[in-house]
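Colleague:
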Amino acid sequence: MGGQGPVEIVGVRSALQSNQRTVWSGEGAAALTDADAAIRVFALNVSLFPASRNALDSLAEAYVASGDLARSSAIRKGIKDMPSPPGKQ
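If you count by full-length UniProt numbering, then the sequence shown holds residues 1 to 89, one letter each, in order.
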């Protein structure tokens, strides 16, 4: 079994980051009919990309779908409180 060096791991993380916008976006949540499953998927995505507004927004949308408006609201407040990305101030 081949070892995974730092370059391979960075490459995997980079690929995940570039694809996460489409795979784990709010649009992807619409394709999932089970809100609890969507929450688990999006929570994992947030744990992998904690600074991703898109990942957080997708999790908030999943909470709306489950009826948990309080959690959704808290996440969205957290997104608003995040510092602006460089170049978007």
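For each residue, glycine too, the CB sits at the ideal point set by N, CA and C.
Quick check on the DSSP output: what are the complete alpha helix (DSSP H) runs of length 4 or more inside the segment 34 to 70, in order along the chain?
Modeller: Taking only runs of at least 4 residues, the alpha helix (DSSP H) segments lying wholly in the segment 34 to 70 are 35 to 48, 53 to 66.
Colleague: Looking at C-alpha atoms only, which residue of 83, 86, 57 is the closest neighbour of residue 74?
Modeller: Ranking the options by Cα distance to residue 74, first place goes to 57.
Colleague: So, for residue 66: in the same chain, excluding its five sequence neighbours on each side, which residues have a beta-carbon less than 7 Å away from its beta-carbon?
Modeller: Taken in chain order, the residues that qualify are 35, 36, 39.
Colleague: How would you call residue 84, buried or exposed, if buried means at least 16 neighbouring beta carbons within 10 angstroms?
Modeller: Counting Cβ neighbours within 10 Å, residue 84 comes out exposed, since fewer than 16 surround it.
Colleague: Rounded to a whole number of angstroms, what is the C-alpha to C-alpha distance between residue 64 and residue 54?
Modeller: Distance between the alpha carbons of residue 64 and residue 54: 15 Å.
Colleague: Let me know if residue 44 comes out buried or exposed under the rule of 16 or more other beta-carbons within 10 Å of its beta-carbon.
Modeller: Exposed, because fewer than 16 other Cβ atoms sit within 10 Å of the Cβ of residue 44.
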